[in-house]
Every structure is written in structure tokens, then in C-alpha cells.
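Take a look at the structure below.
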Amino acid sequence: MTPDILAALEQAKRDKRPVVLATRLPSGEQRLLPDPAAPAELNEAAAGVLASDENGTHKIGGEDWFLHAYNPPLRLVIVGAVHIAQALAPFAAQCGFAVTVVDPRRSFASDERFPGVTISTDWPDEAMEALRPDSRTAVVTLTHDPKLDDPALDRALKSDAFYIGALGSRRTHAARLKRLTDLGHTEAALARIKGPVGLNIEAVTATEIAVSAIAEIIAVRRGSPLAPQRGT
Amino acid sequence: MSMNEFEDVLSTAAAWRAAGELVAIATVTETWGSSPRPAGSQLAVTKSGRMAGSVSGGCIEGAVAEAAMKTIESGVPQLLDFGVTHERAWEVGLACGGKVKVFVEKLN
Numbered sequence: 447m448t449p450d451i452l453a454a455l456e457q458a459k460r461d462k463r464p465v466v467l468a469t470r471l472p473s474g475e476q477r478l479l480p481d482p483a484a485p486a487e488l489n490e491a492a493a494g495v496l497a498s499d500e501n502g503t504h505k506i507g508g509e510d511w512f513l514h515a516y517n518p519p520l521r522l523v524i525v526g527a528v529h530i531a532q533a534l535a536p537f538a539a540q541c542g543f544a545v546t547v548v549d550p551r552r553s554f555a556s557d558e559r560f561p562g563v564t565i566s567t568d569w570p571d572e573a574m575e576a577l578r579p580d581s582r583t584a585v586v587t588l589t590h591d592p593k594l595d596d597p598a599l600d601r602a603l604k605s606d607a608f609y610i611g612a613l614g615s616r617r618t619h620a621a622r623l624k625r626l627t628d629l630g631h632t633e634a635a636l637a638r639i640k641g642p643v644g645l646n647i648e649a650v651t652a653t654e655i656a657v658s659a660i661a662e663i664i665a666v667r668r669g670s671p672l673a674p675q676r677g678t
Numbered sequence: 002m003s004m005n006e007f008e009d010v011l012s013t014a015a016a017w018r019a020a021g022e023l024v025a026i027a028t029v030t031e032t033w034g035s036s037p038r039p040a041g042s043q044l045a046v047t048k049s050g051r052m053a054g055s056v057s058g059g060c061i062e063g064a065v066a067e068a069a070m071k072t073i074e075s076g077v078p079q080l081l082d083f084g085v086t087h088e089r090a091w092e093v094g095l096a097c098g099g100k101v102k103v104f105v106e107k108l109n
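Top line first, the protein sequences correspond to chains X and S. For the first sequence, our numbering assigns the number 447 to the initial residue and increments by one for each residue that follows. For the second sequence, our numbering assigns the number 2 to the initial residue and increments by one for each residue that follows.
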């Protein structure tokens, strides 16, 4: 790999710009895509690799090209700077997520409680407006407080977030769904919310609940049968 | 917090290179059957013997590191083919039963 390619790759990463490193095999000649100067077929294949996030070797124009997607990190928005969030944030970071913790209560959302984690002390609806969850974003609400959770869930449901989870017992969740219905969300839309949050591993402690939540996020992301759509 | 150090092998390799180490990067380019690490998985190796990341569950790391040393010396990239057709298959032992291709290049 040449210093130029490496520098361009690192720059794209800093800019959070998705790029593909294309390597011709076996010669090792490399170029970054998309590139207007590259053959259309190569650019199209690169776009496909970025969309699916699946690296692989492609036969293009009679040549083997290994296409390696460098997408910006997946994101996790945690609403509620609570004890479970303290456990969940580092697990998610280890799994490659860029984590933002949202909580307007500054005593909860402190740097001391969340070292190295991006914190927003905006009200959840404003924070979600700024964060703009997309198809590479997961959203988890943990506050138990409808004033904080509901606006976040409302915005999450209006976004393409690939995962939406809400902490709370079945009874809490039923009440929450009723409030969100009153906000105009359909039953089909509400089925996107995983509630109670997490895979059922009989989690008890905050750390165990965080394990079940991150496991469910991964299961949904990877299309595991462990995480079927509920309510459908 | 952006992409974690644990999976970001290329950044680790780049940091080593910047610190004056001679570095090669091995990347899984194709897999067949049960292979523990998907295409794109990387292992960085330095001439001084540092390693980061992985290209398998551990079964071919030794052979890949050996090949990486050669690429560090020669500067010539290699496309390694680990599977039943490869002469090193038995010696190296892909216990998982999978097949994997690994591209090894020097970080210049």
C-alpha cells in the first residue's frame, strides 16, 4: 500500500466519508473508489459493497478486484445516562459503534460517568434532530421517563434507524405504545420497537442487561433469527 | 469514540509504520465454507514481531506471519491460498474445514 493511498484512506475515515479500497489481485495495484476516472463497472461494484457492507473479490473486466468497504462506524444513540448506559457504551464501542449518550440531566450525563463517550445534554427531541439517525444507527432508550423516552422514540420511529429498543417492563411498554399511538404512530410502525429491550438471557444486573441489549442490536444488524420482528 | 482500536487494524499498522517499524498487512479476500473471519479481516505484522488483528481463528496466523516477513523483505505482495488444494493445507491445518485466500502487502 502506497503512502498516498493510506493517507487518503485515513482522511476519508476522519471525514466519515464511505470509500472502497480496490486491490487488483494478485498484482496488488490499488485505487480508492468512487473515482470519476475509474471504469463505471468498478464504481458500481464499489457502491454495492458499501451498501451491503460486505467485502469481497469481484471479477471486473476480466480482472480480479478485492473491494474493501470502509464505511463510517455504525452509531448507537443511548437516551438516558443511567447505570445500564454506563455498561452499554463501552460494549458498543468495542463492537465498533460510535456512541452518543443523550440526557439533559447533567448530573447523570457527566464526563466522569462516561469517560471518552460523546455526550449530548440537549432535550432528546433536539438531540435526535441533530443526530439524524440513519440506516446505520441504533437507538436505545433507557430513562423510564416518558418525558425523555417518548420524544426520542417518536423521532427514532420517523427515522431509518435499523434498531430501536426501549427499556421497561411489558406493562410499561404497553403504556408507552399507547402514548406513541396517540402521537399518530401505527401498530406496524410501533412493531419496530424492541421492548422490553434486549435478547432474553434472564439478565439481572445492569451489565447483564447491557449484554442482552448489545446482543440484540448485533442480532438485528446481522439478520439473526434470534431477533425476530415482534408484533408482526 | 470512533471505530475501536480492536478492529481497526489498518490504523494500528499505520501508527507502527509512522513510528519507524517495517509493516505488512494481510487481508482475507475470499472465503469458502466455514471460515471464522469474513473477507476484509486483517492481520498486521511487523518485522520486529508485533501482531494485531486476525485472518482466521488462529489456524493460519503463523503461516501468514511467515509470508508477511517475506513480503516485508522483498516488497512483493503475495496472494496466499489456504485450502485443500494448497500444498500447505495439511501442514497449516484449517481445522474449521474452510478455505480462505489472504492477500499480503507491505505498508510502504
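Quick reminder that beta carbons are idealized off the backbone N, C-alpha and C, glycines included.
#1: Ordered along the chain, which non-local residues of its own chain (more than five positions away) have a Cβ less than 6 Å from that of Ile639 (chain X)?
#2: Mind listing the chain S neighbours of Pro480 (chain X)? Cutoff is C-beta to C-beta under 7 Å, in chain order.
#3: Does the ligand FAD have a heavy atom nearer than 7 Å to the CB of Ala27 (chain S)?
#4: With a CB to CB cut of under 6 Å and the five nearest residues on each side skipped, what residues in its chain are close to Ala544 (chain X)?
#5: Could you name the residues of chain S that Gly474 (chain X) contacts, counting a contact when the two beta carbons are closer than 8 Å?
#6: Using the three-state DSSP reduction, which class does Leu467 (chain X) fall into: helix, strand or coil?
#7: Tell me which same chain residues have a C-beta within less than 6 Å of the C-beta of Met4 (chain S), skipping the five on either side of it?
#8: Have a look at Pro37 (chain S) and Asp628 (chain X) and give me their C-alpha separation to the nearest angstrom.
#9: Apply the 10 Å Cβ neighbour rule to Lys604 (chain X) and answer buried if 16 or more other Cβ atoms are within range, or exposed otherwise.
#10: Would you call the CB atoms of Ile647 (chain X) and Cys541 (chain X) closer than 8 Å?
#11: For Thr567 (chain X), go through chain S and note every residue whose CB falls closer than 7 Å to its CB, in chain order.
#12: Kindly indicate which residue of S:Glu74, S:Ala64, S:Gln43, S:Val101 has the alpha-carbon position closest to the one of Ser35 (chain S).
#13: For Pro449 (chain X), decide whether its Cβ has a neighbour in chain S, counting only Cβ atoms nearer than 8 Å.
#14: Using 8 Å as the threshold, is the C-beta distance between Thr28 (chain S) and Ala53 (chain S) below it?
#15: Please name the residue, chosen from X:Leu534, X:Gly630, X:Ala555, that lies closest to Ile664 (chain X) on a Cα-to-Cα basis.
#16: Does DSSP put Glu456 (chain X) in a helix, in a strand, or in coil?
#17: Nearest by alpha-carbon distance to Ala458 (chain X): which of X:Ile655, X:Arg582, X:Pro480 is it?
#18: Could you run through the segment 487-504 of chain X and flag, in chain order, every residue whose CB is less than 7 Å away from some CB of chain S?
#19: By Cβ distance, which residues of its chain are closer than 6 Å to Leu471 (chain X), with the 5 residues on each side in sequence left out?
#20: Report buried or exposed for Ala468 (chain X), applying the criterion of at least 16 other Cβ atoms within 10 angstroms of its Cβ.
#21: How long is the line joining the alpha carbons of Gly494 (chain X) and Val65 (chain S), rounded to whole angstroms?
#22: Residues in the same chain with beta-carbon distance under 7 Å from Ala492 (chain X), minus the five sequence neighbours each way, listed in chain order, please.
#23: Using the three-state DSSP reduction, which class does Gln569 (chain X) fall into: helix, strand or coil?
#24: Going by beta carbon distance, what residues of the same chain come within less than 8 Å of Pro550 (chain X), once the five residues before and after it are set aside?
#25: Does any residue of chain X bring its CB to less than 8 Å from the CB of Gly41 (chain S)?
#26: My understanding is that Thr503 (chain X) touches Glu31 (chain S), with C-beta atoms under 8 Å, so please give their C-beta distance in whole angstroms.
#27: Measuring alpha carbon to alpha carbon, tell me which of X:Ala607, X:Ser581, X:Leu623 ends up nearest Pro592 (chain X).
#28: Give me the chain C residues within the contact set of Thr469 (chain X), using Cβ-Cβ distance strictly less than 7 Å, ordered along the chain.
#29: So, with DSSP's three-state summary, where would you put Ala25 (chain S)?
#30: Quick one: what's got a C-beta closer than 6 Å to Arg477 (chain X)'s C-beta in the same chain, skipping five residues either side?
#31: Once DSSP output is grouped into helix, strand and coil, what is the label at Ala491 (chain X)?
#32: Would you kindly work out how many angstroms separate the C-alpha atoms of Thr86 (chain S) and Gly99 (chain S), rounded to a whole number?
#33: Where does the unbroken beta strand (DSSP E) through Gly611 (chain X) begin, and where does it stop?
#34: Sorted by chain position, which residues of the same chain lie with C-beta nearer than 8 Å to Glu22 (chain S)'s C-beta, five sequence neighbours on each side aside?
#35: Excluding five sequence neighbours on each side, which residues of the same chain lie with their C-beta closer than 7 Å to the C-beta of Ala538 (chain X)?
Inspection of the coordinates gives the following:
#1: Here the question's residue 639 (chain X) lines up with position 193 in the first sequence. Ile610, Ala612, listed in sequence order.
#2: Position 34 of the first sequence, counted from the first residue, corresponds to residue 480 (chain X). In chain order: nothing, as chain S lies at least about 18 Å away.
#3: In terms of ligand content, the structure shown is empty, and the ligand FAD therefore cannot be addressed.
#4: In the first sequence, residue 544 (chain X) corresponds to position 98, counting from 1. The residues are Pro519, Arg521.
#5: Position 28 of the first sequence, counting from 1, holds the residue named residue 474 (chain X). Near Gly474 (chain X) (Cβ distances below 8 Å), the residues of chain S are Pro78, Phe104, Glu106.
#6: By one-based count along the first sequence, residue 467 (chain X) stands at place 21. If DSSP states are grouped into helix, strand and coil, Leu467 (chain X) belongs with the strands.
#7: Numbered from its first residue, the second sequence carries residue 4 (chain S) at position 3. Low per-residue confidence applies at Met4 (chain S): pLDDT is 43, beneath 50, and the placement is therefore not dependable enough to give any value.
#8: Residue mapping note: residue 37 (chain S) aligns to position 36 of the second sequence, counting from 1. Residue mapping note: residue 628 (chain X) aligns to position 182 of the first sequence, counting from 1. C-alpha separation (whole angstroms): 47 Å.
#9: Along the first sequence, read from residue 1 onward, the residue named residue 604 (chain X) stands at position 158. Exposed, since its Cβ has fewer than 16 Cβ neighbours within 10 Å.
#10: Start at 1 with the first residue of the first sequence, and residue 647 (chain X) comes out as number 201. Start at 1 with the first residue of the first sequence, and residue 541 (chain X) comes out as number 95. No, the Cβ-Cβ distance between Ile647 (chain X) and Cys541 (chain X) is not below 8 Å.
#11: To locate residue 567 (chain X), count along the first sequence from 1; it is residue 121. Going along chain S, no residue has its Cβ under 7 Å from Thr567 (chain X), so there is no contact; the nearest lies around 17 Å.
#12: Locating residue 35 (chain S) in the second sequence gives position 34, counting from the first residue. Residue S:Val101 is the option with its Cα nearest to Ser35 (chain S).
#13: Position 3 of the first sequence, counted from the start, is the residue given in the question as residue 449 (chain X). With 8 Å as the cut-off, Pro449 (chain X) counts as an interface residue toward chain S.
#14: Position 27 of the second sequence, counting from 1, holds the residue named residue 28 (chain S). Position 52 of the second sequence, counting from 1, holds the residue named residue 53 (chain S). No, these two residues do not count as a Cβ contact at 8 Å.
#15: Here residue 664 (chain X) refers to the residue found at position 218 when the first sequence is read from its first residue. Ranking X:Leu534, X:Gly630, X:Ala555 by Cα distance to Ile664 (chain X) puts X:Leu534 first.
#16: Here the question's residue 456 (chain X) lines up with position 10 in the first sequence. Note: Glu456 (chain X) maps to helix in three-state DSSP.
#17: For the purposes of this step, residue 458 (chain X) is taken as the residue at position 12 of the first sequence. Cα-wise, what sits closest to Ala458 (chain X) is X:Pro480.
#18: Asn501, Gly502, Thr503
#19: Translated into positions along the first sequence, residue 471 (chain X) becomes position 25. Correct list, in chain order: Asp510, Phe512.
#20: Within the first sequence, numbered from 1, the residue matching residue 468 (chain X) stands at position 22. Classification of Ala468 (chain X): buried, given that the 10 Å Cβ count is 16 or more.
#21: Taking the first sequence and counting its residues from 1, one reaches residue 494 (chain X) at position 48. Taking the second sequence and counting its residues from 1, one reaches residue 65 (chain S) at position 64. If you take the alpha carbons of Gly494 (chain X) and Val65 (chain S), they lie about 29 Å apart.
#22: The residue given as residue 492 (chain X) occupies position 46 in the first sequence. The answer, listed in chain order, is Val466, Ala468, Leu479, Pro480, Leu513.
#23: In the first sequence, residue 569 (chain X) corresponds to position 123, counting from 1. Just to set this straight, residue 569 (chain X) is Trp in the shown sequence, not Gln. Here Trp569 (chain X) sits in coil by DSSP.
#24: Translated into positions along the first sequence, residue 550 (chain X) becomes position 104. Thr567, Asp568, Trp569, Pro570, Leu594, listed in sequence order.
#25: Against the second sequence, residue 41 (chain S) aligns to sequence position 40. Yes, Gly41 (chain S) counts as interfacial toward chain X.
#26: The sequence position of residue 503 (chain X) within the first sequence is 57, counting from 1. The sequence position of residue 31 (chain S) within the second sequence is 30, counting from 1. Right, their Cβ atoms sit about 5 Å apart.
#27: Taking the first sequence and counting its residues from 1, one reaches residue 592 (chain X) at position 146. Nearest C-alpha to Pro592 (chain X): X:Leu623.
#28: Protein chains in the displayed structure are X and S, and chain C is not among them.
#29: One-based indexing of the second sequence puts residue 25 (chain S) at position 24. If DSSP states are grouped into helix, strand and coil, Ala25 (chain S) belongs with the strands.
#30: Translated into the one-based positions of the first sequence, residue 477 (chain X) becomes position 31. Here the set comprises Ala468.
#31: In the first sequence, residue 491 (chain X) corresponds to position 45, counting from 1. Here Ala491 (chain X) sits in helix by DSSP.
#32: As a working note, residue 86 (chain S) is residue 85 in the second sequence. As a working note, residue 99 (chain S) is residue 98 in the second sequence. The pLDDT assigned to Thr86 (chain S) is 47, lower than 50, so where the model puts this residue is not dependable, and the model offers no usable value.
#33: Here residue 611 (chain X) is taken as the residue at index 165 of the first sequence, counted from 1. Here the beta strand (DSSP E) through Gly611 (chain X) covers 609-612.
#34: Start at 1 with the first residue of the second sequence, and residue 22 (chain S) comes out as number 21. Contacts found: Thr47, Lys48, Ser49, Arg51.
#35: Indexing the first sequence from 1 puts residue 538 (chain X) at position 92. These residues qualify, in order along the chain: Leu522, Val545, Ile660.
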